[in-house]
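A quick write-up on the structure given underneath.
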Amino acid sequence: MPQDPTERRVVVTGPPRRARRSSGHYRPRTEIDEQTTLGHTYVRSLMRIQLRTGLVVFAVLVLLIGPLPLVFAAAQDARLEWAVLGFGLYPPLVLLARWYVRRAERNERDFVRLVEDR
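Position in the sequence shown (first residue = 1) + 138 = the numbering used here.
Below, the structure written as structure tokens:
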């Protein structure tokens, strides 16, 4: 059977098309950069966990420092006040600050690990 002269094969040349990403592989960094809904969700989750960490520190500070005026009013001893402020309060504040910084850095490290292309 001979081919019809009207049915010819045409070769079209042009720049290659970009390959589309597979639907199973997404890039969170791109989602964040393009400010999509998913990227917004990623950033909100980081902000939420950082806020939660800050609120925990604030609650501990309130429980640690809040009752001090009552203690000082009941004792009315200047030496006790300085002892409580210098030795009883300073070390817990330093430990709390160290915990907060470590926790915040860990949250950020986890977030970066989540959005990196690995």
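Just so you know, even glycine gets a beta-carbon here, dropped at the ideal spot from N, CA and C.
Exposure of F196 is indicated by the presence of fewer than 16 other C-beta atoms within 10 angstroms of its C-beta.
DSSP places V209 inside the alpha helix (DSSP H), whose first and last residues are L206 to A213.
T151: not part of any alpha helix (DSSP H); DSSP gives it neither H nor E. In this structure, I170 and G177 form a Cβ contact; the two beta carbons are roughly 4 Å apart against a cut-off of 8 Å. Straight-line spacing of the CA atoms in R182 and L189 works out to 10 Å.
The DSSP-derived three-state label of E246 is helix.
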